[in-house]
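Our numbering applies: residue 139 is where the sequence shown begins, and numbers increase by one. Glycine residues also receive a C-beta, built at the ideal position from the N, C-alpha and C atoms. In this text the structure is predicted, and so the values were computed from the model without any measurement.
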Amino acid sequence: MKETYIFTYGTLKRGFSNSYFLDDAIFVSSAITCEKYQMYPCIGNGYPFLIKSEKNHQIKGEVFKTNSKIILNRLDDLEGYPDLYLKEFINVELENKQIVKALVYFKNEETNPNAIDLSNPIIEWVDDFCY
139 MKETYIFTYG
149 TLKRGFSNSY
159 FLDDAIFVSS
169 AITCEKYQMY
179 PCIGNGYPFL
189 IKSEKNHQIK
199 GEVFKTNSKI
209 ILNRLDDLEG
219 YPDLYLKEFI
229 NVELENKQIV
239 KALVYFKNEE
249 TNPNAIDLSN
259 PIIEWVDDFC
269 Y
C-alpha cells in the first residue's frame, strides 16, 4: 500500500485521548490547513468536528504518515465513517513550509446536526478541550 499522510486536529493528536490509534504511524510535523474551515466541539465537548462548508480559519493540527491499511480501517471505525464523518484529501502546510496532501475527516453535514455545539466555534483543540 502507498504511504498516506493523515491530518489530525483533535483527539488523535499526540498526547490526546485517541492518539494510541496512531502509535504505529510516523509523526511528520505540526501543520496547518492551506484552506479555511471551521471547527466546533460536539455537544459535551468530547471531540471536535471540522466543518468543510464554513470557511473561517486555517486549522492547526498534526500530520502522520502510514502505509498500513489496518490503521486506516481503524480510523474509519473510530470516526464513524461514513455516517458521522466523511474523509478526503486536502493540502496542509508542514512546519518546514512543505505542502502535502493529507487525509482528513470532515463532519458529515447531512447527518446528526444536533451533535454540533454551534455556540462554541474553535480554532484549535487543546488539552482535550478547545480554544
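- Ala163 places its beta carbon 8 Å or farther from that of Lys207.
- Comparing C-alpha distances from Leu241 to each of Ser157, Ser191, Pro259, Thr171 shows the shortest one belongs to Thr171.
- It is roughly 16 Å from the alpha-carbon of Tyr219 to the alpha-carbon of Phe145.
- Here Lys245 is near Phe187, since their CB atoms are less than 8 Å apart.
- By the CB criterion at 8 Å, Lys174 and Lys193 fall inside the cutoff.
- Excluding sequence positions up to five before and after His195, its CB lies within less than 8 Å of the CB of Lys174, Tyr175, Gln176, Met177, Ile261, all in the same chain and listed in chain order.
- Under the 10 Å beta carbon count, Lys151 is surrounded by 16 or more other beta carbons and is classified as buried.
- In this structure, DSSP gives Ile208 a helical state, which the three-state scheme calls helix.
- DSSP lists Glu231 as the beta-bridge partner residues of Ile237.
- Non-local C-beta neighbours of Glu247 in its own chain, meaning closer than 8 Å and more than five positions away in sequence, comprise Ile189, Lys190, Ser191, ordered along the chain.
- Shown here, Leu150 sits in coil according to DSSP, grouped into three states, outside any helix or strand.
- Judged by DSSP secondary structure, Ala169 falls within the beta strand (DSSP E) whose first and last residues are 164-171.
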